[in-house]
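Chains as they are written, first to last, in numbering that gives the first Met the number 0: chain A, 0 to 495; chain B, 0 to 495; chain C, 0 to 495; chain D, 0 to 495.
Here's the structure, in structure tokens; my notes come after.
There are 4 protein chains.
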Amino acid sequence: MAFTLSQVAEHNSQKSCWVIINNKVYDVTEFLPEHPGGSKIILKYAGRDATAAYEPIHPPDALDKNLPKDKHLGDLDTAAAEQVARVNENRRKTKDVLRMEQAEREKPSLNRVMSILEMEDIARKVISYKAHMYYSSAADDETTLVENMRGFQRLFFHARVMRPVSTVDPTTTMLGFKSTIPVFVSGAALAKLGHPLGEANITRGAGKTGILQMVSSNASLSAEQIAQARLSPDQVLFFQLYKNKDDAVAEERVKEVERLGYKAIFLTVDAITPGNRERDIRAPFVLEAEEAEAEAKGGVEKPRTVGQVQKQEEESQVNNEGTAGALIRFVDQDMSWEKTIPWLRRVTKLPIVIKGIQCVQDAVLAAEAGVDGILISNHGGRQLEYSLPSIDVLYRLRKERPDVFDKCEVYVDGGARRGTDVIKALCLGAKAVGMGRPFLYAQSAYGEDGVAKAVQILQREIVTAMKLVGARSVKELVPEMVEQVSWQPYYPQAKL
Amino acid sequence: MAFTLSQVAEHNSQKSCWVIINNKVYDVTEFLPEHPGGSKIILKYAGRDATAAYEPIHPPDALDKNLPKDKHLGDLDTAAAEQVARVNENRRKTKDVLRMEQAEREKPSLNRVMSILEMEDIARKVISYKAHMYYSSAADDETTLVENMRGFQRLFFHARVMRPVSTVDPTTTMLGFKSTIPVFVSGAALAKLGHPLGEANITRGAGKTGILQMVSSNASLSAEQIAQARLSPDQVLFFQLYKNKDDAVAEERVKEVERLGYKAIFLTVDAITPGNRERDIRAPFVLEAEEAEAEAKGGVEKPRTVGQVQKQEEESQVNNEGTAGALIRFVDQDMSWEKTIPWLRRVTKLPIVIKGIQCVQDAVLAAEAGVDGILISNHGGRQLEYSLPSIDVLYRLRKERPDVFDKCEVYVDGGARRGTDVIKALCLGAKAVGMGRPFLYAQSAYGEDGVAKAVQILQREIVTAMKLVGARSVKELVPEMVEQVSWQPYYPQAKL
Amino acid sequence: MAFTLSQVAEHNSQKSCWVIINNKVYDVTEFLPEHPGGSKIILKYAGRDATAAYEPIHPPDALDKNLPKDKHLGDLDTAAAEQVARVNENRRKTKDVLRMEQAEREKPSLNRVMSILEMEDIARKVISYKAHMYYSSAADDETTLVENMRGFQRLFFHARVMRPVSTVDPTTTMLGFKSTIPVFVSGAALAKLGHPLGEANITRGAGKTGILQMVSSNASLSAEQIAQARLSPDQVLFFQLYKNKDDAVAEERVKEVERLGYKAIFLTVDAITPGNRERDIRAPFVLEAEEAEAEAKGGVEKPRTVGQVQKQEEESQVNNEGTAGALIRFVDQDMSWEKTIPWLRRVTKLPIVIKGIQCVQDAVLAAEAGVDGILISNHGGRQLEYSLPSIDVLYRLRKERPDVFDKCEVYVDGGARRGTDVIKALCLGAKAVGMGRPFLYAQSAYGEDGVAKAVQILQREIVTAMKLVGARSVKELVPEMVEQVSWQPYYPQAKL
Amino acid sequence: MAFTLSQVAEHNSQKSCWVIINNKVYDVTEFLPEHPGGSKIILKYAGRDATAAYEPIHPPDALDKNLPKDKHLGDLDTAAAEQVARVNENRRKTKDVLRMEQAEREKPSLNRVMSILEMEDIARKVISYKAHMYYSSAADDETTLVENMRGFQRLFFHARVMRPVSTVDPTTTMLGFKSTIPVFVSGAALAKLGHPLGEANITRGAGKTGILQMVSSNASLSAEQIAQARLSPDQVLFFQLYKNKDDAVAEERVKEVERLGYKAIFLTVDAITPGNRERDIRAPFVLEAEEAEAEAKGGVEKPRTVGQVQKQEEESQVNNEGTAGALIRFVDQDMSWEKTIPWLRRVTKLPIVIKGIQCVQDAVLAAEAGVDGILISNHGGRQLEYSLPSIDVLYRLRKERPDVFDKCEVYVDGGARRGTDVIKALCLGAKAVGMGRPFLYAQSAYGEDGVAKAVQILQREIVTAMKLVGARSVKELVPEMVEQVSWQPYYPQAKL
């Protein structure tokens, strides 16, 4: 059956709500109250095409999984589809879109990008404001975000000279799987916000360069699509599990990724409730104000009166959970060492890593619980503001409980941007260092080539640093090579 | 009896000084030398309407209490009252008033306010310069003001994961009275400077959201009016006592608030002499210069000559005590543990809290004196410049004398703005955290709704922080969860 | 005998060099090679009036003391004197003079000045660029200058409450002489650069307010003139001795000041060689460039060609010793504990204070040498760059060698600007705190009234601080009341 | 044989590549793949004059040493030489050249330069952007570059007074050779980038003022030319050896400099692989963009289209090794204490100093290996980012292993700019302090006179500091005179 636009347009209310996504018509009336993001955001598109808003923040299997088949009503007819396309094309470009297009034209060629920080700067210019705010924001005043980086800056090297380093081997392993450099992709959600191919860019870039990827439960592609994006079935993926509060649902999720060939479960324990990411939450209002101003100035359309703006503002719902808050609404908030680890051991034979250890005591508890690894992480500063910087937690763990490093593998993420950052973490006992935002930004700016380039940049920096500290392999990176100094270095070049 | 304006105008000197306040005529000739703020400020309005200057900084019972009945001469006649109203209406608006009106128009709707810091920013725009300076200023170079906040920033969390926190209880008690969150309103004076309804906004906002309020002796409403503003007689108010040097006067004050239903006495010991709040003291001159400049430019009125300005400047009295200095002129500067606590115990059965403890030794002395609680406070940095930041005093107390926390309840105020700040103080043993300026600003910008919103913001932040550090109740917040780091975090977003 | 201008003008070379000062003619030909400031500067005025350049940087007895009577040739005749006056009057005003005149017009009235820092700000605007640079500059990159102040900022109070402080006594003594507040004037040279009455302003201001003054050997008034400026013979002055390398000359100097009624000798040991005060040294070139630019623009006179400027620049001598370098060229660089203290004891019965102690070891040596007092000082950061801040030296002395405070009186100068600074030093054992620049600036901006006002400001701040830390007298200021914190406070208001 | 321009122009490709340098024609076809800087950079000039690009970054014997005689084809004919000169003269000046010419005109006369920092500021204005970036850049974010300086700032003096210091001797020795001040020239490459006479300026300036110079292997003059620039055969030069991976080549190099009269070998161990100097690497692109913009605006020549720029950008090779990377491509990366020191002892009788010690442990190993000296250095922050600041390594060495100072001489370089910096290092046990950039900048701005002036500035600062800390000779500079403070001073004047 094929629909006309006017047929769809009749269903434009809470009573009967149809939407068009990719030229298909769906009846979401009954689904409205169940929508994790709230019903209001759907009603905005009731009776209309919702593709542009839907696409970047939903995995493609979301409709199949969540909407009964009989609500998939059918296709638009040809005339309607053409009209939708025409309307989308002729829509007045927002200031944000115009800015992105300009930035895209001025983007330097990839071979000129010299560092991860430069890559991030470029990306922040070419992506949408919404993506920028979602990727870059962190909790509250973003102190932990910044301190994650400043923690690395307080570590200096005791470089060793006169050691034969003409050949240097920067490879490492995680859970027995080899990586060309001691860096892995840490799970980061919603890659499609920055680039239409989304997480597939990261998977392919990682595959090309031989590093390992931990895939987020909240990716904008499905676990299956990401698995299919691998260059070969041998390419290793890990799965970052946001455990559902319903054990059965969670178990099914674990079994699914096991079937898809994922090689480990990274149980996420640092994001059981949404963080307060103010710039992300504020983004829609900032954009709205920008457009209102543009309208008022450029004005084919009549500027709205102050009264109208005021009214709209009062009505508009503030989504304090931010862009991705809905995604973790079903996360289990009652996990415990006693209950959750044994459960997970029962449902899978895959190695288990706890992602989100934030203090020495919990690292010890994790090791005692017999997990295969821990990832020291504060979710990139996006969850608990004033969580101790990840690298400082690692430093304390090394100093206070070196035995933990013998009991399980230790990884760290948050704040690393340079090869020297990675080397510092390895000196302190980490097997590998995770990076999230760097790869999100790299794929946003240059697709999979950007991801590969990011790895190459890090590889060059890591090899240089290993030679200059006097280490031929990651094994030769030892605690004596780093010192935590008592002052905070002044950081002259790079800006956040 | 009803007066004409020209009748009043005849009494325009030190010899015979009448003023009009709210269309009533008062003979203040004999009162001139007794006026705590000095006679000059009254003489400026001799023979004229003084309502606009009088209103925001005096409690409404000030005239009844301080001026004998026979000096309440009577009303203006109708024509005079109308003329006063007309004159006030037609008065050229000052630049400051124009700025405030503009800010009021641009003020965002309350549901968009995301944090206490944002609330304060908004308020500073909509209030008068005088109010802004009175609220925001602190002693000398305002170091303790700033360090109060930076002290919190040096505390990081050792967050605990894998703990069941799906339900979290953020309630606490103070002296046995329940509060929905561990935050209370710390006494702050002159709320009417920021909003015509003044402290009543705070009382109603606190009542709606279930938190406790400590009412200042120097409020711009009377203790009775504030008590009447409560939502119900069960709503709990505490009284911040500035003890009069005359024990009899002080005793009457205590008895009065006891009669009015206040539930505890917070004896203020950190403000026995006026602090040196330079921005507050300077405010009148800044405004005067701004207006002189505006006149000179806009000039219906002829600009004054340099000589006139100079002369006026030389004559104008500099009030080194600032806006509220006069209010504490009668405070007892000879209080002591030996004398004052027993006296207070004699005159009241209410619980006693010492407000203004600034070092470990005095906390110990207070506990030994048998008080019910202590409030670690440096008066928001407004009194002794370089008083150790409140949270640092709490930190030292916890470390050096943990026994004090068993002997009396410990509260802290000064510098807290975020839910995480509150949680840090509770980890260190505080029962609750006081906030002064945040509620003054909230009521200034949005009245009682602003106050309620501030509490809601804090509640959300507190619950989020409790879940993320792994505590189901305030009891589970323990010292091991915070670490005082040796570096000062860089504070990227918020500005003071 | 009376001279015409043309008579004088003939003696305009190294061969025969006459100059006019205050309408008197001097033959300085033979004196040229002996001039401490070099001959070039004199030759610039050969055959001409030199009054404006001479006056502010020489004590009035300089000519009498240094030039034989027979070289005092006589007076200008009346016509010549009038012509000199006319020329001086009609001289095109430099940009610097115009700036000063403008600043003088805009200067606030004295009763509005609220702090020492504000006083200094005002003064820096009304004085000449040369004076500004001479007063404000310090050695090299001026680190010790700034750290002197930042050292005070690292000290916080443990304020004590509930102590009877309705009456507070801020008086102290130095060597048995009473001072109304624990602040004294520390020797500072060339007050006439900032105000025509020079050091007399300070002496009279100090006399009016009852504080003690230490007079510099290098004052721009003679020791006698300053003694005469006292309000009464009872007013106490101390003398800051720059000991001449010739013991006989030095002895005569000591005897002279003893005769004049000075009450103590402060032997200066921190300025035996000129410090590298770059802004002071550079000042003449900055002014020259400013004027060249003004000429080029405003141009009644023909602008000089680049070649001319270049030539002049190459010829102009760079005086690496700065404005006052010449004054200490005869200072004894070979003083020692063994030799100099006994010598001084022999030549005078006055108490001896060593000014310029910069470490604990030398404080101990001074005490063992039996001096009456030591003044911890690094010459306001003007001599040894990276000398430890004065207050930090005091802090270490208190901690490491408390016995020294029993053996001699201890004073400190450098960096104190607030009453709280003074109180901190007293808590650490100082009897009084010296201030140099504050009084130089105060007299520059407002003459003797400025000096008195500065004392009043400090008195108010000191009394307030004593009440708020809980001390009735300077004796009750004890080390337990201050804590040196590990962080550097952020200093929001005041700028240097 | 003499060539015409058109004859040369035929050989403009990889197949046959001729270039003109100083009016001589060379066939570099076969040399292309061997060129350390890559073939692309040569091909840019194939068939054309390459003098301007070649000259400043190659020692003059480079062609003789690397290109067989039969490839030296002969001279240009007279007409051709004249045409080349004409073309060079008429070439449109780039913005960078215009800027340099302007700066040269505005340069202050040398006698006005007051400090090393000022000298550097002036030089950065008059040199080419390429030179500026090569000289000033450092690894990654340039943290170690900045921290080298900040490390000195954390050291304060315990100045001693009352010591006879009328005569002060600032001389020291290095390996028995006398220096007028305890400062030597640390090896720094490519002086010709900043001044056409290059390293000869430094040699002559050092000779005039009596300080010692360590000559870089990578100087832009040959070791022989530099030796010839000495004022007399007695002038002492040391040689900074970048050991070739081929022992025979390295041995020949050592023997050559021994023959030329160099007095010691400084074996460089901190630069075995190129550092990541981003500003240096980026310099060509920045210049290219600047010129493209200038063309587009000024436009005699037609601006290139965006497409052309894009294409060129994609083709242009990014040289991640930077300007000097090629020079260290043949450095031995497999040196070791066991192998390399004995080898070097065998091939030379000269004293051996290890340049590039970066931690205490390696200082100990060096001393045990029996070398004559160690130079604590991190290559001016240009190699390993986050190498501990040099002065901090010295501080730790003094504290932890004072015995090393008895076994070999200890020098330090990196971050010293002031006389006080030098004195601090000497207090901590260094025999002398090396400076690299200061002398590069001094010769760039003022040739050999600039170098001499730099030494004079330092001498004055050093003598002043010695007098003011109370030391008559370098022997009297002892560890007790310096204290490492716990705070970071605020650095008000100088900027980097």
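No residue lacks a Cβ here, since even glycine has one placed at the ideal position from N, Cα and C.
In this text the structure is predicted, and so the values were computed from the model without any measurement.
Under 8 Å, Cβ to Cβ, is there at least one residue of chain C near residue i?
i, result
"Glu146 (chain D)", "no"
"Ser485 (chain B)", "yes"
"Thr463 (chain D)", "yes"
When burial is assigned at 16 or more other CB atoms within 10 Å of the CB, is residue i buried or exposed?
i, result
"Lys14 (chain B)", "exposed"
"Asn275 (chain B)", "buried"
"Thr166 (chain D)", "exposed"
"Glu105 (chain A)", "exposed"
"Met0 (chain A)", "exposed"
At the 8 Å Cβ level, is residue i part of the contact set with chain A, yes or no?
i, result
"Glu482 (chain B)", "yes"
"Tyr490 (chain B)", "yes"
"Arg436 (chain B)", "no"
"Asp245 (chain D)", "no"
"Asp120 (chain B)", "no"
Under 8 Å between C-beta atoms, does residue i make it to chain B?
i, result
"Lys466 (chain C)", "yes"
"Asp140 (chain A)", "yes"
If you measure between the beta carbons of residue i and residue j, is that distance less than 8 Å?
i, j, result
"Asp76 (chain A)", "Phe2 (chain A)", "yes"
"Ile225 (chain B)", "Thr208 (chain B)", "no"
"Thr347 (chain B)", "Ile280 (chain B)", "no"
"Leu220 (chain C)", "Pro58 (chain C)", "yes"
"His185 (chain A)", "Gly414 (chain A)", "Checking the sequence, you will find Ser at residue 185 (chain A) rather than His. No, Cβ-Cβ distance for Ser185 (chain A) and Gly414 (chain A) is not below 8 Å."
"Asp361 (chain B)", "Arg159 (chain C)", "yes"
Comparing the C-beta of residue i with each C-beta of chain D, is any distance below 8 Å?
i, result
"Gly433 (chain C)", "no"
"Arg258 (chain A)", "no"
What residues from the stretch 98-111 of chain B come within 8 Å of chain A, judged by C-beta to C-beta, listed N to C? Arg104, Pro107, Ser108, Asn110, Arg111
To be precise: take each residue of the stretch 145-179 of chain A, compare its Cβ to all Cβ atoms of chain D, and keep it if any distance is under 8 Å. Which residues remain? Within the stretch 145-179 of chain A, the qualifying residues are Gln152, Leu154, Phe155, Phe156, His157, Ala158, Arg159, Val160, Met161, Arg162, Pro163, Val164, Ser165.
Residues from the stretch 321-343 of chain A in contact with chain B, defined by Cβ distance under 7 Å: Gln332, Asp333, Met334, Ser335, Trp336, Thr339
Mind listing which residues of the stretch 404-427 of chain B have their C-beta closer than 8 Å to chain A's C-betas, in chain order? Cβ contacts with chain A: Arg417, Thr419, Lys423.
Residues from the stretch 377-395 of chain D in contact with chain C, defined by Cβ distance under 8 Å: Cβ contacts with chain C come from no residue of the stretch 377-395 of chain D.
Positions along the stretch 2-23 of chain B whose CB lies within less than 8 Å of some CB in chain A: For the stretch 2-23 of chain B, the set of positions with a beta-carbon nearer than 8 Å to some beta-carbon of chain A is empty.
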